[in-house]
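Note that numbering that gives the first Met the number 0 gives residue 114 to position 115 of the sequence shown, counting from 1, and the numbers run on in steps of one. Where a beta carbon is used, it is the ideal one built from N, C-alpha and C, also for glycine. Please read the structure below before turning to the comments.
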Amino acid sequence: MKKLALVTGAKGGIGSAITEKLVQDDYRVIATHFTGGAQCAQDWFEEKGFKQDQVRLLELDVTDTDQCATRIAKLLEEEGTIDVLVNNAGITRDSVFKKMDAEKWHDVINTNLNSLFNVTQPLFAAMCEKGGGRIINISSVNGQKGQFGQANYAAAKAGMMGFSKSLAAEGARAGVTVNVVAPGYTATPMVTAMRDDVLESITNQIPMKRLAKPEEIAASVAYLASEAGAYITGETLSVNGGLYMQ
Ligand code: CAA
């Protein structure tokens, strides 16, 4: 029987690559989506050529605690315990802090950090009871080093790391590993939407002088999800072309 993965924000740039890689590795993937609605998700499903036994779409607002609790409980009844959870959904609302309003702050904290509670809480106990599981949280190089214009985003992405180490301690005895993948600047719509001059100056600061390919991020997720990654927990795997070395 196929292992079951749940990927939030699955139709985004990195989410799509993770979903495709896990399908290649023979997982059945629950692909959650929110922005754009059901038709947009269906179009993505068809464009990628997924089959029903490979990917199931689930509309999920990761900022909504009650909706996550209800929909994930129902999902577990229908599909069984999730083996691999990838908390990938994320947004940016970049602004210098002087001009940052409360909405930009809360939107980012809700989507990028509070979502970890909302999505992981309904799954974690079942994973522990089953005696194994993988939780992989997609953070960012900017949660490690900070970034001009991203006080909200960097706060959320750094918070993911503290969360992951704590949950790793709680899940270890049950064989549930919790890790972080911290991508650098990756060739996705989120990054290419940046102003050309800003993106060019950032690319120049990357020792490898190029953006990451989404597949390079997905490969690290797949490794942490695999049997080969069984003894790694509470760790952050940086995939950033040398932009930040810890
Ligand atoms: N360090 C120091 N000063 C800087 C700076 C930096 N990195 N960047 C800009 N400044 C200076 C500018 O030179 C400018 O100075 P002057 O007023 O003296 O000319 C001043 O700060 C204002 O800068 P901007 O003109 O850029 O201000 P803005 O209000 O037009 O734009 C911003 C602000 C939208 C935050 C823009 O600076 C920006 O896009 N910055 C990059 C943010 C970023 O890296 N986002 C990543 C998005 S992708 C992602 O998040 C994925 C991931 O995980 C990596």
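- Residue 182 and residue 239 do touch by the CB rule: their CB atoms are close to 7 Å apart, below 8 Å.
- Taking a C-beta distance under 8 Å as the contact criterion, residue 85 and residue 29 do not qualify as a contact pair.
- Following the DSSP letters along the chain, one finds residue 2 inside the beta strand (DSSP E) bounded by residues 2 to 6.
- Per DSSP, residue 213 is one residue of the alpha helix (DSSP H) stretching across 213 to 224.
- Residue 234: not part of any beta strand (DSSP E); DSSP gives it neither H nor E.
- C-alpha of residue 149 to C-alpha of residue 36: approximately 27 Å in a straight line.
- Burial check for residue 227: the Cβ neighbour count within 10 Å stays below 16, so the residue is exposed.
- By the Cβ neighbour-count rule, residue 52 is exposed, with fewer than 16 other Cβ atoms within 10 Å of its own.
- As a beta-bridge residue in DSSP terms, residue 29 pairs with 5, 55.
- The shortest CA-to-CA distance from residue 212 to any of 91, 13, 31, 193 is the one to 13.
- For residue 121, the enclosing alpha helix (DSSP H) begins and ends at 114 to 129.
- Taken from the Cβ of residue 141, at least one heavy atom of the ligand CAA lies inside 7 Å.
- For residue 98, there are no CB contacts under 8 Å within the same chain when 5 residues up- and downstream are skipped.
- A contact between stretches requires three or more CB pairs, one per stretch, nearer than 8 Å, and the segment 114 to 132 meets this requirement with the segment 73 to 85.
- With 16 or more other Cβ atoms from the protein chains shown falling within 10 Å of its own Cβ, residue 67 counts as buried.
- Using a Cβ distance threshold of 8 Å, residue 62 and residue 114 count as a contacting pair.
- Taken from the Cβ of residue 201, at least one heavy atom of the ligand CAA lies inside 7 Å.
- Comparing C-alpha distances from residue 25 to each of 100, 49, 231 shows the shortest one belongs to 49.
- Not one heavy atom of the ligand CAA is found less than 7 Å from the C-beta of residue 114.
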